[in-house]
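For reference, the structure is listed below as structure tokens.
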Amino acid sequence: MGSLDFKGVARKVSNLRAFKKQALAAANQKFIREKKNLIREFEAHPVTRELRGGPNASNTSRTLPGGYG
């Protein structure tokens, strides 16, 4: 029984226009999903919330030494 050259097949498939288009679409979807997660986590972070409170916000994140914030 003959052996299959997986690297050769993978190389040929990866050069197909349809494969490239589908791979780009999948990567773009993952990027958008991860970007949304990152923004959500950033907005929920205590320091971000404190910064949104402006200069008179209290030191709720406890990142500043005593006497500041």
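With the first letter of the sequence shown counted as 1, position 15 gets the number 800 in this note's numbering; the numbers rise by one all the way through. We put the beta carbon where it would ideally sit given N, CA and C, even for glycine. A quick note: this is a predicted structure, and the numbers were derived from the prediction, not measured.
Hey, could you find the ends of the alpha helix (DSSP H) residue i is sitting in?
i    : result
T848 : Unbroken run through T848: none, as it is neither H nor E.
L836 : 831 to 837
A795 : 791 to 799
Rounded to whole angstroms, what is the Cα-Cα separation between residue i and residue j?
i    : j    : result
A812 : V798 : 17 Å
G854 : I824 : Residue placement at G854 is flagged as unreliable, the pLDDT there being 49, under the threshold of 50; the coordinate-derived value follows with that caveat. Distance between the alpha carbons of G854 and I824 is about 25 Å.
K821 : E828 : 11 Å
G848 : V832 : First, the residue type needs correcting, since residue 848 is Thr and not Gly in the sequence shown. About 8 Å.
L836 : S843 : 10 Å
Q807 : S788 : 28 Å
N865 : A803 : Residue 865 falls outside the range modelled here, since the chain spans only 786 to 854, and no answer is possible.
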